[in-house]
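Chemist: Add 6 to the 1-based position in the sequence shown for our numbering, that's all there is to it.
Backbone N, C-alpha and C define an ideal beta-carbon position, used for all residues, glycine too.
Sharing a structure below in structure tokens format, with a few things to ask.
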Amino acid sequence: MSAEATIETVEAEAGTPKEGFIRCPKCGYEIPDNLVVCWKCGAILK
Ligand SMILES: [Zn+2]
7 MSAEATIETV EAEAGTPKEG FIRCPKCGYE IPDNLVVCWK CGAILK
């Protein structure tokens with residue numbers, strides 16, 4: 007059961023980017039929220 011708790015914790019942290027950042031819905035990379043294209047994978051964000 008501790009394994010599940012660990013996975014949930016990781017997912018929660020992965021879904022909370024730093025202030026001023028958003029997380030790319032395609033690759034999950036944290037990027038500044040003023041960008042419109044992910045600099046990691048090239049996904050269009052807006
Ligand atoms: Zn991306």
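#1: What residues in its chain sit with their C-beta under 6 Å from that of proline 23, if we drop five residues either side in the sequence?
#2: What number of angstroms, rounded off, separates the C-alpha of tryptophan 45 from the C-alpha of glutamate 10?
#3: Under three-state DSSP, which class holds glutamate 36?
#4: So who's on the other strand from valine 43, going by DSSP bridges?
Modeler: Let me lay it out:
#1: Along the sequence shown, read from residue 1 onward, the residue named residue 23 stands at position 17. The residues are Arg29, Glu36.
#2: Reading the sequence shown from its first residue, position 39 is the one you call residue 45. Reading the sequence shown from its first residue, position 4 is the one you call residue 10. One C-alpha to the other measures close to 32 Å.
#3: If you number the sequence shown from 1, residue 36 lands on position 30. In this structure, glutamate 36 counts as strand in the three-state DSSP scheme.
#4: In the sequence shown, residue 43 corresponds to position 37, counting from 1. Answer is Ile50.
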